[in-house]
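See below for the structure under consideration.
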Amino acid sequence: MSILIAIDGPSGAGKGFLSQALCEKYSFAFLDTGLLFRATALKSTLKGVAVDDNKGLIEIVKNLEPSDFEPINELRSEINGQVASKIAVLPKVRAALVSYMRNFAEKRLKQGVGAVLDGRDIGTIVYPQADLKFFMTATPEERAKRRLKELQNRGIPVIFEEVLQEMIQRDRRDRERQDSPLMAAEDAIIIDTSDMSPADVVALASEAIDKALA
Ligand code: DC
Numbered sequence: 594m595s596i597l598i599a600i601d602g603p604s605g606a607g608k609g610f611l612s613q614a615l616c617e618k619y620s621f622a623f624l625d626t627g628l629l630f631r632a633t634a635l636k637s638t639l640k641g642v643a644v645d646d647n648k649g650l651i652e653i654v655k656n657l658e659p660s661d662f663e664p665i666n667e668l669r670s671e672i673n674g675q676v677a678s679k680i681a682v683l684p685k686v687r688a689a690l691v692s693y694m695r696n697f698a699e700k701r702l703k704q705g706v707g708a709v710l711d712g713r714d715i716g717t718i719v720y721p722q723a724d725l726k727f728f729m730t731a732t733p734e735e736r737a738k739r740r741l742k743e744l745q746n747r748g749i750p751v752i753f754e755e756v757l758q759e760m761i762q763r764d765r766r767d768r769e770r771q772d773s774p775l776m777a778a779e780d781a782i783i784i785d786t787s788d789m790s791p792a793d794v795v796a797l798a799s800e801a802i803d804k805a806l807a
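Structure, rendered in structure tokens:
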């Protein structure tokens, strides 16, 4: 079961949902790499480390602790997502985070446990040799609708138009950055989730996994 699965795509495309569903179904280990960027971002804000301070940010990455992943509302907030996306353009900070990701995956694979990593550049840069790659997409409007619902469910008051605009801005930064931009690997299975039910998405991915495991 030492299979490595990369799931990439923009925010709100359904990566988190699919990753968790697959991990429950196949007992894979899961690393939400966006949360790594978000934990670094939140800690930098709290410590007053600037979004372009390579040294300060790398120090934060090296000292990330389990408790840094706990304040989930602050981590998932739109504003922290924007900070994460700004930090994500810095090659040296990305390199430190990529080491963290590879350590996580290598450890699980050595234990014979499959691993799912979701992010923006897993199939292209972090693990171009991944056994399976999925690239998830959906229209910006559909993704913003989902994001709005998620934030409202957490009791965070938000306006659709603002969520949409912030999402478009963040996507642009993630797609246009020089180092490891958001894009599909050539051999990725593209899943456009705009008009798919969650069950259909899981079924489609499971079919590919069952084939890879057979
Ligand atoms: O998936 P997310 O919205 O939680 O990610 C937050 C930001 O982190 C995203 O806008 C870009 C960055 N990120 C990245 O550059 N590479 C990854 N593998 C994961 C996230």
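Using my numbering, you'd call the opening residue of the sequence shown number 594 and step up by one each time.
Just so it is clear, CB atoms sit at the ideal spot from N, CA and C, and this is done for glycine as well.
Remember, it's a predicted structure, so these values are computed and weren't measured experimentally.
Host beta strand (DSSP E) of residue i (start-end)
| i | result |
| --- | --- |
| residue 728 | 725-730 |
| residue 683 | Here residue 683 belongs to no beta strand (DSSP E), and DSSP marks it neither H nor E. |
| residue 784 | 782-785 |
Three-state secondary structure assigned by DSSP to residue i
| i | result |
| --- | --- |
| residue 623 | strand |
| residue 552 | In the structure as shown, the chain begins at 594 and stops at 807. Residue 552 is therefore absent and cannot be evaluated. |
| residue 706 | coil |
| residue 760 | helix |
| residue 720 | coil |
| residue 667 | helix |
| residue 772 | coil |
| residue 676 | helix |
| residue 691 | helix |
| residue 615 | helix |
| residue 750 | coil |
| residue 778 | coil |
| residue 788 | coil |
| residue 698 | helix |
| residue 628 | helix |
| residue 606 | coil |
Residue of the options minimising C-alpha distance to residue i
| i | options | result |
| --- | --- | --- |
| residue 694 | 635, 598 and 643 | 598 |
| residue 600 | 618, 625 and 620 | 625 |
| residue 689 | 655, 768, 607 and 792 | 655 |
| residue 676 | 772, 644 and 691 | 644 |
| residue 790 | 763, 731, 743 and 776 | 731 |
| residue 747 | 618, 617, 703 and 664 | 664 |
| residue 659 | 672, 706 and 628 | 628 |
| residue 737 | 773, 684 and 604 | 604 |
| residue 635 | 698, 614, 761 and 667 | 667 |
| residue 637 | 620, 661 and 698 | 661 |
| residue 779 | 619, 723, 692 and 698 | 723 |
| residue 775 | 718, 784, 735 and 630 | 718 |
| residue 728 | 683, 781, 761 and 771 | 781 |
| residue 788 | 640, 734, 760 and 761 | 734 |
| residue 646 | 696, 617, 691 and 683 | 683 |
Whole-Å CB distance - residue i paired with residue j, under 8 Å assumed
| i | j | result |
| --- | --- | --- |
| residue 611 | residue 795 | 7 Å |
| residue 786 | residue 607 | 5 Å |
| residue 805 | residue 702 | Contact flag wrong, Cβ pair sits at about 14 Å. |
| residue 680 | residue 633 | 6 Å |
| residue 753 | residue 741 | 5 Å |
| residue 651 | residue 685 | 6 Å |
| residue 678 | residue 766 | 5 Å |
| residue 706 | residue 622 | 5 Å |
| residue 772 | residue 687 | 6 Å |
| residue 609 | residue 711 | 7 Å |
| residue 619 | residue 784 | With 8 Å as the limit, residue 619 and residue 784 do not qualify as a contact, their Cβ atoms being about 17 Å apart. |
Residue i, enclosing alpha helix (DSSP H) - first and last residue
| i | result |
| --- | --- |
| residue 715 | Neither: residue 715 is in no alpha helix (DSSP H) and is coded neither H nor E. |
| residue 597 | First-last for residue 597: 597-601, but that is the beta strand (DSSP E), not the alpha helix (DSSP H). |
| residue 808 | The structure shown does not extend to residue 808, since the chain is modelled only from 594 through 807, so no value can be given for it. |
| residue 740 | 733-746 |
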